[in-house]
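Protein chains: 2
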Amino acid sequence: MPPSSFDQLQKRLSDEYPLLSRRLKEVCDYVTQHPQSVALDTAAVVADKAGVHASTLVRFANYFEFSGFSGMQKLYKQHLLDALQGNYNDRIATLSKSTGQEGDITAMTLLAEFGSANQESLGTLKEQTDPTTLTQAVDLIERAAAIHIGGVRRAFPVTMYFAYTLAHLRRNCHAISGLGLMHEDQLANIRAGELLIAITFAPYADSTQAMIETAHNNGADILLISDDANCPGAARSTIVLPVADAEVRGFRSLTSSMCLAQALCIALGYRQPEARPLDDNRTQH
Amino acid sequence: MPPSSFDQLQKRLSDEYPLLSRRLKEVCDYVTQHPQSVALDTAAVVADKAGVHASTLVRFANYFEFSGFSGMQKLYKQHLLDALQGNYNDRIATLSKSTGQEGDITAMTLLAEFGSANQESLGTLKEQTDPTTLTQAVDLIERAAAIHIGGVRRAFPVTMYFAYTLAHLRRNCHAISGLGLMHEDQLANIRAGELLIAITFAPYADSTQAMIETAHNNGADILLISDDANCPGAARSTIVLPVADAEVRGFRSLTSSMCLAQALCIALGYRQPEARPLDDNRTQH
DNA sequence: GCTTGTTTGGAATATATATTCCACTGTAAA
DNA sequence: TTTACAGTGGAATATATATTCCAAACAAGC
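Chains as they are written, first to last, in the working numbering: chain A, 22 to 306; chain B, 22 to 306.
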């Protein structure tokens, strides 16, 4: 019996991958990565794009007990339709029923909820961010002799993202990691002409506030990314970029903050074409 | 000359509607309301659904100067692909034109681009994630006596996000930080009953592969989060969660990976109500 | 009501497409 | 080195699909 649903097929594809021959693996790679192509192209075209012969494609379909490529393709077409008209909500319902607890909060419902909430918050990010402020922020990063990045606890992933990306843009940057609780020492030598990127969310960690204080006293610039434009430390900052991350069931996300960080870094990348990290980035781990 | 783009065709469809015969109008109604059907179904099926004969469909296509139904269908297929799989570059061009800053790449246009791309990739995350696999992943985390998190370089922010959140759920977890280049030692004592959450993206860092190898040899479970379900290491993993992050202008985002991490952690939180970290989380910095 | 021109549906045809078959290649075991 | 066998690509075939053609139905004008 061939798989009767796209999900079933996907599962078999990954389970039985190691058992496949070389060409069949190539097909498997292609179809998992380009399901839309399988749905829309003809067998010959799919075969060509996947770098194999058409008959190999049929063998592949037969391996998973389809009558031929066409049979398998039907599943892909159906999946595309479902995805298009947002039928994935049905999948959630089906799952809840199958586990016998309809009102239950499953991992999938949470994923769907978070996905949607994050999509919305990205929408507000686009709407509410002020272009002028954003440009000034990029100016600030561009001019800085050195960039220090301070964001702790929940904000730490954003810190690391900045550190990674700025390093790849060949900028002189230091993430304040808090390693050995030496965060104060890590920032002690900041000076005028340098920049602190501070990332802080309510209830605003004292340590981040201290960093802002230090940077301010030493005459350095400060770019503050925060959930509130008037949070403590905002007055001392050169530029404040407010960002409203989604909250679902009491959990706050980082999506918009990460997206903003991304946009800042890449705008910077486009300002210094000699260091455009396109290839660089592709070879990352 | 037949319309060369979907938009052109749409325009002609509405402009010339009054000139069409009764059946041709019916066809026109159907194709404007069900473009996906035109893209995915065969001529016979489309004709049937539209309530006309197949030859009428061909006449309809001929009316708009296509060689036949197939020619027209190509346009619909292409349109579907563009809309679906983030042909961002096309839409980016339209976006820049509409803002009137064609050649100029400003920080704001980049933010808008990334925002949109990430929104779409969150959509595909919801569509493409298999509910069963996701639930199994949460099971795995729940059962684990200890959780080790390994994801380096670009994946490191995700590692830190896991570490932060799992700690707040009072789980015994260790982020493999690579501090002092002791990453191998950090994982050396993993054992059966424990779990490695590995996060890796093309081109798949050797160090992460080594972690998977170690965990596997020691009989521990492995949850792999990757951009390819068949990437090296997938065969040794207990569960693989594939995630397709957006790519714009050669830069790849982390949004979907972060969102997936979030959903996993919070689903876990709901399984252990005694440790529900709602308040905990709100007091984070 | 008849004629003319247009529209329509069905059968026949043409074409595109998938599938099968077979000979060849490469690989592992004897 | 030889043998056996799974894997592969190309040509031949079968099938599905689209397209054309024609006769019938219909509508408008005479």
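Here a beta-carbon is modelled for each residue, glycine too, at the ideal position from N, C-alpha and C.
Proximal residues of chain B, C-beta to C-beta of residue 284 of chain A below 7 Å: Reading the first sequence from its first residue, position 263 is the one you call residue 284 of chain A. What residue 284 of chain A touches in chain B: 128, 131, 132 and 135.
Any 3 or more C-beta pairs closer than 8 Å across the stretch 264-276 of chain B and the stretch 134-148 of chain B: yes
Residues of the stretch 89-104 of chain B whose Cβ lies closer than 9 Å to any Cβ of chain A, in chain order: 98, 99, 101, 102 and 104
Inter-residue spacing [alpha-carbon to alpha-carbon] between residue 188 of chain A and residue 194 of chain A: Locating residue 188 of chain A in the first sequence gives position 167, where the first residue counts as 1. Locating residue 194 of chain A in the first sequence gives position 173, where the first residue counts as 1. Rounded to the nearest angstrom, the two C-alpha atoms are 6 Å apart.
Cβ pair residue 131 of chain A, residue 287 of chain B closer than 9 Å: Here residue 131 of chain A refers to the residue found at position 110 when the first sequence is read from its first residue. Here residue 287 of chain B refers to the residue found at position 266 when the second sequence is read from its first residue. Yes. Within cutoff.
Residues of its chain near residue 141 of chain A, where Cβ-Cβ distance is below 8 Å and the 5 sequence neighbours each way are ignored: What you label residue 141 of chain A is simply residue 120 of the first sequence in a count that begins at 1. Closer than 8 Å at Cβ, skipping near neighbours: 267.
Sheet register partners of residue 82 of chain B (DSSP bridge): Start at 1 with the first residue of the second sequence, and residue 82 of chain B comes out as number 61. DSSP lists no partner for residue 82 of chain B.
C-beta contact flag for residue 151 of chain B and residue 32 of chain A at 9 Å: Against the second sequence, residue 151 of chain B aligns to sequence position 130. Against the first sequence, residue 32 of chain A aligns to sequence position 11. Yes, these two residues count as a Cβ contact at 9 Å.
Per DSSP, cross-strand counterpart(s) of residue 273 of chain A: Walking along the first sequence from the start, residue 273 of chain A turns up at place 252. According to DSSP, residue 273 of chain A bridges with A:268.
Bounding residues of the beta strand (DSSP E) (the contiguous stretch that carries residue 261 of chain A): Mapped onto the first sequence, residue 261 of chain A falls at position 240. From DSSP, the beta strand (DSSP E) with residue 261 of chain A extends over 260-263.
Any chain A beta carbon closer than 9 Å to residue 240 of chain B: Within the second sequence, residue 240 of chain B is the residue found at index 219, counting from 1. No, no contact with chain A.
Classification of residue 63 of chain A by the beta-carbon crowding that lies within 10 angstroms, buried from 16 upward: As a first step, residue 63 of chain A is located in the first sequence; it is residue number 42 there, counting from the start. Counting Cβ neighbours within 10 Å, residue 63 of chain A comes out exposed, since fewer than 16 surround it.
CA-to-CA distance, residue 219 of chain A to residue 104 of chain A, given in whole angstroms: Against the first sequence, residue 104 of chain A aligns to sequence position 83. Against the first sequence, residue 219 of chain A aligns to sequence position 198. Roughly 40 Å separates the two Cα atoms.
Nearest neighbour of residue 260 of chain A, chosen from A:275, A:158 and A:236 [CA to CA]: Residue 260 of chain A sits at position 239 when you count from the first residue of the first sequence. Answer by Cα proximity: A:158.
Bounding residues of the alpha helix (DSSP H) (the contiguous stretch that carries residue 50 of chain A): Position 29 of the first sequence holds residue 50 of chain A. Where residue 50 of chain A is concerned, the enclosing alpha helix (DSSP H) stretches over 43-54.
Inter-residue spacing [alpha-carbon to alpha-carbon] between residue 298 of chain B and residue 156 of chain B: As a working mapping, residue 298 of chain B is identified with position 277 in the second sequence. As a working mapping, residue 156 of chain B is identified with position 135 in the second sequence. With a pLDDT of only 48 at residue 298 of chain B, under the threshold of 50, the placement of this residue in the model should not be trusted, and no figure is reported.
Simplified DSSP state of residue 366 of chain B, which is helix, strand or coil: An answer regarding residue 366 of chain B cannot be provided, because it is not within the stretch 22 to 306 covered by chain B.
Partner residues on chain B for residue 147 of chain A, Cβ-Cβ distance less than 7 Å: Position 126 of the first sequence, counting from 1, holds the residue named residue 147 of chain A. 132, 133 and 136, listed in chain order.
6 Å Cβ shell around residue 274 of chain B - same chain, five flanking residues per side excluded: Stepping through the second sequence from its first residue, residue 274 of chain B is reached at position 253. Correct list, in chain order: 139, 266 and 267.
C-alpha distance - residue 90 of chain A paired with residue 221 of chain A, whole-angstrom precision: As a working note, residue 90 of chain A is residue 69 in the first sequence. As a working note, residue 221 of chain A is residue 200 in the first sequence. So the two alpha carbons sit approximately 53 Å from each other.
Own chain partners of residue 208 of chain B with C-beta closer than 8 Å, once the 5 adjacent residues on each side are dropped: Looking up residue 208 of chain B in the second sequence gives position 187. Only 169, 171, 197, 217, 232, 235 and 236 meet the Cβ criterion.
Under the three-state DSSP convention, the category residue 231 of chain B falls into: As a position in the second sequence, residue 231 of chain B is number 210, starting the count at 1. Helix, per DSSP.
Test: residue 43 of chain A CB closer than 9 Å to a CB of chain B: As a first step, residue 43 of chain A is located in the first sequence; it is residue number 22 there, counting from the start. By this cut-off, residue 43 of chain A is not an interface position.
Those residues which DSSP pairs with residue 196 of chain A across a bridge: One-based indexing of the first sequence puts residue 196 of chain A at position 175. Paired residue(s): A:170.
Collapsed DSSP secondary structure at residue 107 of chain B in the structure displayed: As a position in the second sequence, residue 107 of chain B is number 86, starting the count at 1. Residue placement at residue 107 of chain B is poorly supported in this model, since its pLDDT is 49, which falls under 50; the coordinates are not used for a value here.
Contacts that residue 280 of chain B makes with chain A (C-beta to C-beta distance below 8 Å): In the second sequence, the residue the question calls residue 280 of chain B occupies position 259. The contacting residues are 132, 135, 136, 139, 274 and 276.
Helix, strand or coil at residue 247 of chain B [DSSP, three-state]: Numbered from 1 along the second sequence, position 226 holds the residue referred to as residue 247 of chain B. The answer is strand: DSSP assigns residue 247 of chain B an E or B state.
Residue range of the unbroken alpha helix (DSSP H) whose run includes residue 160 of chain B: Working through the second sequence from its first residue, we reach residue 160 of chain B at position 139. Segment 152-164, the alpha helix (DSSP H) holding residue 160 of chain B.
Buried/exposed call for residue 147 of chain B, threshold 16 Cβ in 10 Å: Here residue 147 of chain B refers to the residue found at position 126 when the second sequence is read from its first residue. The residue is buried, with at least 16 neighbouring Cβ atoms inside 10 Å.
Under 8 Å from the C-beta of residue 152 of chain A: neighbouring residues of chain B: Translated into positions along the first sequence, residue 152 of chain A becomes position 131. Ordered by position in chain B, the residues that pass the 8 Å Cβ test against residue 152 of chain A are 127, 128 and 129.
For residue 190 of chain B, the three-state DSSP class (helix, strand or coil): Numbered from its first residue, the second sequence carries residue 190 of chain B at position 169. Looking at residue 190 of chain B - three-state DSSP - the assignment turns out to be coil, as it is neither helix nor strand.
Reduced DSSP category for residue 69 of chain B - H, G, I as helix; E, B as strand; rest coil: As a first step, residue 69 of chain B is located in the second sequence; it is residue number 48 there, counting from the start. Reduced to three states, the DSSP call for residue 69 of chain B is helix.
Alpha-carbon spacing of residue 240 of chain A relative to residue 154 of chain A, whole angstroms: Taking the first sequence and counting its residues from 1, the one referred to as residue 240 of chain A is at position 219. Taking the first sequence and counting its residues from 1, the one referred to as residue 154 of chain A is at position 133. The alpha-carbon atoms of residue 240 of chain A and residue 154 of chain A are separated by roughly 21 Å.
Residue-level contact to chain A via CB, residue 170 of chain B, 9 Å cutoff: Residue mapping note: residue 170 of chain B aligns to position 149 of the second sequence, counting from 1. No, residue 170 of chain B lies away from the interface with chain A (no Cβ there is under 9 Å from its Cβ).
Counterpart residues of residue 242 of chain A in DSSP-defined beta bridges: Start at 1 with the first residue of the first sequence, and residue 242 of chain A comes out as number 221. Answer by DSSP bridge pairing, in chain order: A:216.
Residue 277 of chain A to residue 178 of chain A span [Cα, whole Å]: The residue you call residue 277 of chain A lines up with position 256 of the first sequence. The residue you call residue 178 of chain A lines up with position 157 of the first sequence. Their backbone Cα atoms lie some 13 Å apart in a straight line.
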